[in-house]
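**Student:** Starting off with a structure, shown below.
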Amino acid sequence: MRRTLFALLTLLSMFLPSLAHAWWQPDWAFRKPLTIDGGPQAGAIGGEAGRTPVLVRLHTGNFSFQGVSETGADLRFVAGDDKTVLNHQIEQFDPLLGMALIWVDVPSVGAGAPQKLWMYYGNPKAPASGNGQRTYDPDYTLVYHFAEANVPPRDTTAYGNHGQTAVMSLDGTVIGKGAQLGRGPLMLPATPSLAQQAGAPFTFSAWIKPEQLGAQQVVYARRDGANELVIGVDQGIPFVQINGQRSAPGQPIQAGQWSYLAMKSDGKNATLYVGGRPTVSVAAPTPALSTAAAIGADTVTTAALATFTGAIDEVRISKVARPDAMLVADAVSQGAESRLAVFGADEQQAGKSHFGFILAAMPLDAWVVVGLLGLMMVLSWAIMIGKGRSYGAASRANAVFIRHFREAAGAPLDRLAMSNSVSETVKADSSLWRLYEVAIDEMRRRHERGYDLSAVSASTISAIRAAMDGVMVRENEHMSKRMNWLSTTIEGAPYVGLFGTVIGIMLVFVVAAMAGAVDINSVAPGMAAALLCTAAGLGVAIPALFGYNWLASRSDAIGADMAVFVDEFVTRLAEEQGEGRALPKAASMRAGAPQGGDGIEGGWPASAHSAA
Numbered sequence: 004m005r006r007t008l009f010a011l012l013t014l015l016s017m018f019l020p021s022l023a024h025a026w027w028q029p030d031w032a033f034r035k036p037l038t039i040d041g042g043p044q045a046g047a048i049g050g051e052a053g054r055t056p057v058l059v060r061l062h063t064g065n066f067s068f069q070g071v072s073e074t075g076a077d078l079r080f081v082a083g084d085d086k087t088v089l090n091h092q093i094e095q096f097d098p099l100l101g102m103a104l105i106w107v108d109v110p111s112v113g114a115g116a117p118q119k120l121w122m123y124y125g126n127p128k129a130p131a132s133g134n135g136q137r138t139y140d141p142d143y144t145l146v147y148h149f150a151e152a153n154v155p156p157r158d159t160t161a162y163g164n165h166g167q168t169a170v171m172s173l174d175g176t177v178i179g180k181g182a183q184l185g186r187g188p189l190m191l192p193a194t195p196s197l198a199q200q201a202g203a204p205f206t207f208s209a210w211i212k213p214e215q216l217g218a219q220q221v222v223y224a225r226r227d228g229a230n231e232l233v234i235g236v237d238q239g240i241p242f243v244q245i246n247g248q249r250s251a252p253g254q255p256i257q258a259g260q261w262s263y264l265a266m267k268s269d270g271k272n273a274t275l276y277v278g279g280r281p282t283v284s285v286a287a288p289t290p291a292l293s294t295a296a297a298i299g300a301d302t303v304t305t306a307a308l309a310t311f312t313g314a315i316d317e318v319r320i321s322k323v324a325r326p327d328a329m330l331v332a333d334a335v336s337q338g339a340e341s342r343l344a345v346f347g348a349d350e351q352q353a354g355k356s357h358f359g360f361i362l363a364a365m366p367l368d369a370w371v372v373v374g375l376l377g378l379m380m381v382l383s384w385a386i387m388i389g390k391g392r393s394y395g396a397a398s399r400a401n402a403v404f405i406r407h408f409r410e411a412a413g414a415p416l417d418r419l420a421m422s423n424s425v426s427e428t429v430k431a432d433s434s435l436w437r438l439y440e441v442a443i444d445e446m447r448r449r450h451e452r453g454y455d456l457s458a459v460s461a462s463t464i465s466a467i468r469a470a471m472d473g474v475m476v477r478e479n480e481h482m483s484k485r486m487n488w489l490s491t492t493i494e495g496a497p498y499v500g501l502f503g504t505v506i507g508i509m510l511v512f513v514v515a516a517m518a519g520a521v522d523i524n525s526v527a528p529g530m531a532a533a534l535l536c537t538a539a540g541l542g543v544a545i546p547a548l549f550g551y552n553w554l555a556s557r558s559d560a561i562g563a564d565m566a567v568f569v570d571e572f573v574t575r576l577a578e579e580q581g582e583g584r585a586l587p588k589a590a591s592m593r594a595g596a597p598q599g600g601d602g603i604e605g606g607w608p609a610s611a612h613s614a615a
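Under this note's numbering, read the sequence shown as residues 4 to 615, first letter to last.
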């Protein structure tokens, strides 16, 4: 038993590590590893950015575009555990040009250890699953990619804050398409989701490329009565102006070059960021603003502020103060040369069964349940095999012994014990021999105490039967030993498996809720792994049920053989040596004369017990 358990645990220890590189789902033929590294030697974001939409750039230098659908509908991004599906949005996908821009919702980006993601592709039947509304967290109130040409920009978030004026589309910007500014403001809607409360946090970010460095160029402006919030560039120096209070000069930007510009306010202080790094701050609380805002020009015509002339891309507005590390992550991941995301070599599925993918999706709690069920299975099978061999040997030995016993009919009852005609193997395995042995031993002890065994009384026969019945009870107890474990396995294994299923399904829904993913691809593997616990419980209980019934029938047969033998022995004893037996005529003529020879009628020699 110990060797079996050790071998089982060894196999499990060899098998479990291999699941770390398991395949997410069998219908996807290829995958590509993607490492998100914010450490000092890579993205160098310097802190915890939290949930971040990371830009994944695919081009012919890092992706062959072979095997993927023409629209990228079969793209799936899965966390390093090969279970959690990440939300994503495809901004651009053109396999003919060999270019794709995809935003992936990474739950946590930090400066610690790198984390691995998987990009799966190569499933022509997969439906499109990209969704920008789920890719960006609810604190984003406006996100413009400018992916549509010469139309008002569309808001990616669920708030639907689409642009109110059309913009001229511009190709070849920092991230795919952008917008050309300089002919008038891009008006934003005055919606409740964009309304700004006094002292509330706020974050604005955009990529800008000024054609020339002019005075007082407006990038973002919003006015509501006497309240104002303006972000702009003055002769290449970014500034933020809140209710007439302007920031001091900080790090400049260059004409004809793309620069990442952001402004973050915690409600009391506003800070400007260039390239994701803070430059200057102004101690001014955010004002209450509920009117329409403008991008690229002021909302009112003034001589002091000028229109921004240049290109703009990836405009974002948040109703929270984003972490500094997140602004750095945006700057380093959205630029032309991203240092945050690193690609690995593509991998092709080597062929794996559906059952293997279910095992790969099993969480730790499911493995604990399956391990417990495995232990129950090993013990129940060991009992069934041991009992089956024991019952088989007993049945064969009983068959041999009863044949010898019936062949000796008419001879003294101790003939088998005296003649050694029964082999040692039969004696060791036969329960009938043990019944016979105790009966002969009882008769021998009565002979030694002076009882007349040529005329055995009814009370003596009853005593011998009682001794045989006692041995029969002990034999039945021995046969039923450990059978209660089989009945426990039959009744308990399904409940253990059901317990694992319930816990697994609870975890699936909790993880799906935390990740914000409710599509079938995100919950199906976990549900299948949870249901595997129930299947494992039934797989343990059903063989144990069949084995229990088979062993019980064999035990009943052996018990019936012992009961029949007891009756047969006692009947033969009463007929041959009982007080009221009929003597043969020859024996009656010699009644009273001394008898000789072996056997009960001639006396019980001392060697009978040793032979027995």
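Virtual Cβ for every residue (Gly too), placed ideally from N, Cα, C.
Return the first residue and the last residue of the beta strand (DSSP E) that aspartate 97 is part of.
**Tutor:** Run containing aspartate 97: 91 to 97, per the beta strand (DSSP E) assignment.
**Student:** Which same chain residues, not among the five before or five after tyrosine 394, have their C-beta less than 8 Å away from its C-beta?
**Tutor:** Counting only Cβ-Cβ distances below 8 Å, and skipping sequence neighbours, we find Met482, Leu554, Arg557, Ser558, Ile561.
**Student:** Measure from the alpha carbon of glutamine 257 to the alpha carbon of each residue in Asp432, Gly247, Ile240, Gln248, then state which is nearest.
**Tutor:** With distances taken between Cα atoms, glutamine 257 lies closest to Ile240.
**Student:** In three-state terms, what does DSSP make of phenylalanine 242?
**Tutor:** Note: phenylalanine 242 maps to strand in three-state DSSP.
**Student:** Looking at the strands, I want to know which residues DSSP matches up with phenylalanine 207.
**Tutor:** Bridge partners of phenylalanine 207: Met266, Ile320.
**Student:** Using the C-alpha atoms, what's the distance from alanine 385 back to alanine 520?
**Tutor:** Low confidence applies to alanine 520: its pLDDT is 49, below 50, so where it sits in the model is not reliable enough to give any reading.
**Student:** In or out: isoleucine 467 buried (at least 16 other Cβ within 10 Å) or exposed?
**Tutor:** So isoleucine 467 ends up on the buried side.
**Student:** Mapping DSSP to helix, strand and coil, what is asparagine 401?
**Tutor:** Asparagine 401: helix per DSSP, three-state reduction.
**Student:** With distances taken Cα to Cα, identify the nearest neighbour of proline 188 among Leu308, Gly413, Leu343.
**Tutor:** Residue Leu308 is the option with its Cα nearest to proline 188.
**Student:** From Met475, Val499, Thr491, pick the residue whose C-alpha is nearest to that of aspartate 564; which is it?
**Tutor:** The shortest Cα separation from aspartate 564 among Met475, Val499, Thr491 belongs to Met475.
**Student:** Scan the segment 424 to 500 and note each continuous alpha helix (DSSP H) run of 4 residues or more that stays entirely inside, going in chain order.
**Tutor:** As far as the segment 424 to 500 is concerned, its whole alpha helix (DSSP H) runs of at least 4 residues are 427 to 432, 434 to 451, 461 to 483.
**Student:** Going by alpha carbons, who is nearest to serine 250 out of Ala273, Gln92, Gly163?
**Tutor:** It is Ala273.
**Student:** From proline 204 to glycine 75, what distance separates their C-alpha atoms?
**Tutor:** Computed Cα separation, rounded: 37 Å.
**Student:** How far does the alpha helix (DSSP H) with glutamine 337 in it reach, from first residue to last?
**Tutor:** Run containing glutamine 337: 327 to 337, per the alpha helix (DSSP H) assignment.
**Student:** Would DSSP call aspartate 570 helix, strand or coil?
**Tutor:** DSSP places aspartate 570 in helix when its eight states are reduced to three.
**Student:** Could you name the residues that DSSP lists as bridge partners for alanine 539?
**Tutor:** According to DSSP, alanine 539 bridges with nothing at all.
**Student:** Do asparagine 90 and phenylalanine 346 have their beta-carbon atoms positioned less than 8 Å apart in this structure?
**Tutor:** Not in contact: phenylalanine 346 and asparagine 90 (Cβ atoms no closer than 8 Å).
**Student:** Please classify tryptophan 106: does DSSP put it in a helix, a strand, or coil?
**Tutor:** Here tryptophan 106 sits in strand by DSSP.
**Student:** Nearest CA to the CA of valine 505: which residue from Phe568, Val372, Ala25?
**Tutor:** Of Phe568, Val372, Ala25, the residue nearest in Cα terms is Val372.
**Student:** Put tryptophan 261 into one of helix, strand or coil per three-state DSSP.
**Tutor:** Reduced to three states, the DSSP call for tryptophan 261 is coil.
**Student:** With distances taken Cα to Cα, identify the nearest neighbour of valine 283 among Gln244, Ser262, Tyr454, Asp316.
**Tutor:** Measuring from the Cα of valine 283, the nearest candidate turns out to be Gln244.
**Student:** Among Ala314, Gly202, Leu548, Arg452, whose alpha-carbon lies nearest the alpha-carbon of alanine 182?
**Tutor:** Minimum Cα distance to alanine 182 is reached at Ala314.
**Student:** Tell me the rounded alpha-carbon separation between alanine 161 and leucine 378.
**Tutor:** About 50 Å.
**Student:** For glutamate 73, collect the residues of the same chain with a Cβ closer than 7 Å to its Cβ; drop the 5 residues on either side in sequence, then sort them by chain order.
**Tutor:** Within the same chain, glutamate 73 has close Cβ partners Pro98.
**Student:** Cα-Cα, which of Thr289, Met329, Glu317, Asn164 is closest to alanine 209?
**Tutor:** The candidate whose alpha carbon is nearest that of alanine 209 is Glu317.
**Student:** Taking only three categories from DSSP, how would you classify histidine 62?
**Tutor:** Strand, per DSSP.
**Student:** So for glycine 179, helix, strand or coil by DSSP?
**Tutor:** Residue state, collapsed to three classes: strand.
**Student:** Determine, using beta carbons only, whether threonine 144 and glycine 202 come nearer to each other than 8 Å.
**Tutor:** In this structure, glycine 202 does not lie closer than 8 Å to threonine 144 by Cβ.
**Student:** Would a C-beta distance cut-off of 8 Å place alanine 286 and glycine 507 closer than the cut-off?
**Tutor:** In this structure, glycine 507 does not lie closer than 8 Å to alanine 286 by Cβ.
**Student:** Could you check if phenylalanine 408 is buried or exposed, using at least 16 other CB atoms within 10 Å of its CB as the buried criterion?
**Tutor:** So phenylalanine 408 counts as buried.
**Student:** What's the gap between the Cα of glutamine 3 and the Cα of leucine 501?
**Tutor:** A question about residue 3 goes unanswered here, because the residues of the chain that appear run from 4 up to 615.
**Student:** Can you tell me which of the three DSSP states threonine 504 falls into?
**Tutor:** Helix.
**Student:** Going by Cα to Cα distance, which pick from Leu489, Met509, Ala532 is closest to asparagine 552?
**Tutor:** The candidate whose alpha carbon is nearest that of asparagine 552 is Leu489.
**Student:** Short of 6 Å in beta carbon distance, which residues of its chain neighbour leucine 330, apart from the five on each side in sequence? Order them along the chain.
**Tutor:** Ala265, Tyr276, Gly279.
**Student:** If you reduce the DSSP assignment to three classes, tell me which class threonine 138 lands in.
**Tutor:** The answer is helix: DSSP assigns threonine 138 an H, G or I state.
**Student:** Quick one: residues in its chain with C-beta nearer than 6 Å to the C-beta of alanine 152, no 5 flanking neighbours on either side, listed in chain order?
**Tutor:** Ser172.
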